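Residue numbers (my numbering): 3 to 603. The C-beta atom is built at its ideal place from N, Cα and C for all residues, glycine as well. Keep in mind that this is a model prediction, so the values were computed, not measured.
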Amino acid sequence: MLVGRAEFLGVLARLTTESRLAFDVETTGLRPYQDSQLFSLVVATQSDVFYFNFLPYEDLDLEYVLPREWLSEFQVVFGNRDAVYFAHNAKFDLAMLSREGIEVLGTVHCTEAMARLLGNVELTYTLDACVTRLALATNTVISKDHTVEWYINKYDLWAWEQEPGKAARKKNKFFAKVPVDIMAPYARRDGEITMRLGEWQEDEFLLQASTVPPNLPSILALADNERRLTKTLFKMERVGVAIDKAYCEEAIKYEEARAEKATSDFKSLTGQDLVDSGKALKGVFAQYGFEVPNTEKGNPSVTDEFLARTPSPVSQIVQTYRDATKRVNTYFRSFVWLVGADGAVHCNFRQGGTATGRVSCTNPNIQSAPKEDEGPFKVRRAFIPRPNFFFFAPDYSAMEYRVMLDYAGEDALIERIKAGMDVHQATAELIGTSRKQAKSVNFACLYGAGIEKLADMLGTSLKDARRIRGEYFSKLPRVQNFIKQVVRTAELRGYVYNRMGRRCAFPDPRFSYKAPNYLIQGGCADVVKLAMNRIDDFLINRKSRMLLQIHDEILFEVHESERHICPELIAIMEQAYTPKSLPMQVVGKESGVSWGDVADA
DNA sequence: GAACAACGCACC
DNA sequence: AAACGGTGCGTTGTTC
């Protein structure tokens with residue numbers, strides 16, 4: 003059941019001979035860059051599962067409490083460059099191992115990320131859900147063990163965690179308090195099913211590859227890229243981005259004061275407490291003679307759009323309150339809360355986070371950090387380069403529009419853009435509208451908007467929207483054709499492939515209108531992922547490093563002595579895309595002060 | 001009291 | 001059958 007001290011080295015020697023291993027760590031918490039610590043490790047082979055315990059349980063024979071110093075011995079197990087290592091949400095395990103000085107040198111196969119690549123239509127990609135689907139698909143009996151969750155609930159081995167200044171609490175589960183005779187079989191099962199899941203996924207990729215039409219890129223290259231990306235993202239997360247804590251504290255004070263002033267202004271004006279909900283605000287606006295519209299589900303809806311056009315004395319107050327509380331709760335206070343002992347935040351870039359192939363970001367979600375915000379405390383100024391480094395932030399110009407035109411092969415427009423013209427300006431001149439209107443129609447195409455939404459975006463009547471869209475499609479017939487063909491293929495076949503070979507499934511024909519967007523958004527995501535892997539290679543033995551990815555932008559910390567690599571980074575990003583005729587254009591910005599200060603170099 | 005739904009809003 | 005794609009996160013209100 004548990005690996006004892008006597009057999010420890012023998013088991014490790016056995017593990018080093020394996021070409022495929024699954025692993026999983028059990029930890030005191032879920033914050034690898036703050037206080038969480040590994041207390042056990044499961045390693046599974048095709049035939050065996052080994053549980054290594056480092057926690058001194060009261061009634062456990064010391065033979066089965068391995069000394070923590072022995073953790074370093076695991077480097078030989080994870081040091082095989084030819085082996086494949088399966089783990090579910092692997093970046094978490096990599097981070098916990100890294101804390102102990104263990105580096106996985108072989109191929110990391112994150113079964114969560116790879117599950118997303120194999121199929122994008124599931125609601126959840128937890129280990130539990132993935133294994134349940136495996137059982138169904140292969141008609142075998144295999145499932146996750148839920149005993150530990152059950153035990154934690156039964157014996158209340160958890161506590162609420164209240165983040166200062168916030169309304170909501172979070173549950174902290176104490177896995178280290180679960181008895182070892184409950185923990186070990188549970189963890190062993192996780193190791194076993196991760197192994198089965200990983201091997202099954204490898205088979206599934208081969209199967210999918212055999213069904214790909216010969217003129218399209220194989221899914222296998224994309225799968226390799228995703229596997230590689232797990233390590234690229236992990237290294238990026240581990241570096242983290244430094245936070246100016248004192249600045250955040252100042253910002254919190256400032257925004258709290260703004261929110262408080264809004265609250266008291268509201269009270270003195272209306273005589274009521276400010277409760278920011280549609281239900282509560284409906285009555286207040288009624289007092290001033292304004293009717294609040296309803297949402298689709300029939301509930302009162304007080305949006306910023308409503309507040310901006312409603313000349314009541316409380317409109318501005320609610321806007322200020324919302325802006326201030328959002329900035330302080332979602333951003334500044336989160337940054338301070340999540341900052342590690344190294345003074346940096348280490349985001350979690352979820353590799354299997356989206357249906358299209360993009361990565362998403364949590365804890366904190368820097369991909370939603372305000373960009374054009376006003377006032378004395380800009381959010382992105384909280385992110386600062388470390389001493390002797392400066393920020394370099396290259397981004398792809400109008401990436402999705404360019405890819406859409408390249409996909410469609412809209413040559414007349416492509417020639418103008420190649421000559422240096424702005425994408426939306428070129429569109430505007432072609433269809434005879436303002437740049438702003440052209441941009442809206444481009445947007446609408448990209449997202450599959452209907453005519454009503456387009457009219458909304460353009461601020462015109464349905465009739466005018468129809469006319470403008472008609473003009474757009476008559477001047478850009480290949481874009482229209484591209485959209486039609488992709489939707490049609492998705493409807494008839496149930497799936498489409500993007501240019502990198504990613505398969506996007508649309509089992510419900512009602513949603514086939516999304517297919518062109520998936521190809522473009524997901525295709526762009528795959529380009530950026532490829533670029534990131536190439537950059538990760540390029541940066542080996544250099545001091546500069548990647549810090550963040552914001553879909554079409556990458557934030558680097560470049561060492562002062564390596565300023566010359568900036569053009570090379572841009573070149574790698576541009577060349578990650580193989581155009582039919584319109585190449586990508588990457589523009590670099592930089593700052594030695596903060597992310598909020600990056601500007602054209 | 002806890003879980004969940006709904007809403008609003010930050011980004012690409 | 002329905003027509004704005006993809007996220008994460010905060011609060012409020014409802015439900016069990």
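Closest by C-alpha distance to ASN155, out of ARG171, ASN390, LYS179 and VAL133, is LYS179. Separation of the CB atoms of GLY31 and ASN174 is rounded to 7 Å, and the pair is thereby assigned contact status at 8 Å.
Per DSSP, the beta bridge partners of THR109 are VAL86.
Annotation: GLU151 is outside any beta strand (DSSP E); the continuous alpha helix (DSSP H) that includes it extends over 149-156.
Apart from sequence neighbours up to five positions away, the residues of its chain that approach ALA89 with a beta-carbon distance below 8 Å are ALA24, PHE25, ASP26, ASP95, LEU96, VAL110, HIS111, CYS112, THR113 and THR196, ordered along the chain. In the same chain as LEU4, and ignoring 5 residues on each side of it, the C-beta atoms closer than 7 Å to its own belong to TYR53, ASN55, TYR66 and ALA186, in chain order.
For ASP95, there is no enclosing beta strand (DSSP E); the residue is part of the alpha helix (DSSP H) that begins and ends at 92-101.
With fewer than three CB-CB distances shorter than 8 Å, the region 318-327 does not count as touching the region 209-221. Its chain contains SER145 as the residues whose beta carbon lies nearer than 7 Å to that of THR134, once the 5 sequence neighbours on both sides are disregarded; these appear in chain order. Nearest neighbour of LEU521 by Cα position, chosen from PRO509, ASP510, VAL529 and ASN500, turns out to be ASN500. With a contact defined as Cβ atoms closer than 8 Å, VAL316 and THR272 qualify at about 6 Å. DSSP, read as helix, strand or coil, puts THR272 in helix. GLN203 sits buried, since 16 or more C-beta atoms from the chains shown fall within 10 Å of its C-beta. In the DSSP annotation of this structure, the continuous segment of the beta strand (DSSP E) that includes LYS591 starts and ends at 588-593. At a Cβ-Cβ threshold of 8 Å, PHE540 and GLU570 count as neighbours. In the DSSP annotation of this structure, the continuous segment of the alpha helix (DSSP H) that includes VAL443 starts and ends at 437-449. Between MET534 and MET575, the alpha-carbon positions lie close to 8 Å from each other.
ILE556 sits in a strand when the DSSP states are folded into three classes. With respect to the 8 Å criterion, ALA517 and ALA492 are classified as neighbours on the basis of their beta carbons.
As computed with DSSP, ALA533 is found in no beta bridge at all.
Under the criterion of beta carbons closer than 8 Å, ASN331 and LYS168 qualify as touching, at roughly 6 Å. Under the 10 Å beta carbon count, TRP597 is surrounded by 16 or more other beta carbons and is classified as buried. Taking C-beta atoms under 8 Å as the contact rule, ARG240 and HIS348 qualify, at a distance of about 7 Å. Under the three-state reduction of DSSP, SER42 is assigned to strand. Scanning LEU199, ILE104 and PHE80 for the CA closest to the CA of LEU138 turns up LEU199. For the pair of segments examined, the region 391-400 was found to touch the region 575-591: the number of CB pairs separated by less than 8 Å reaches three. Look at ALA400 here: in three-state DSSP terms it is coil, with no helix or strand label. Per the C-alpha coordinates, the member of ARG504, LEU532 and ILE485 positioned closest to LYS233 is LEU532. In this chain, the alpha helix (DSSP H) harbouring ASP183 covers 182-213. Between the alpha carbons of ALA421 and GLU402 lies a gap of roughly 18 Å. Membership of LEU309 in the alpha helix (DSSP H) is indicated by the continuous run 306-311. Looking at GLY411, ALA410, LEU276 and ARG404, the one whose alpha-carbon comes closest to that of MET423 is ARG404.
Pairing PHE385 with ALA253 gives a Cβ-Cβ distance that is not under 8 Å. If you draw a straight line from the Cα of PHE391 to the Cα of THR358, it comes to about 34 Å.
The Cβ neighbour count for SER266, taken over all protein chains shown within 10 Å, is under 16; the residue is labelled exposed. Counting along the chain, ARG171 sits inside the beta strand (DSSP E) bounded by residues 171-175.
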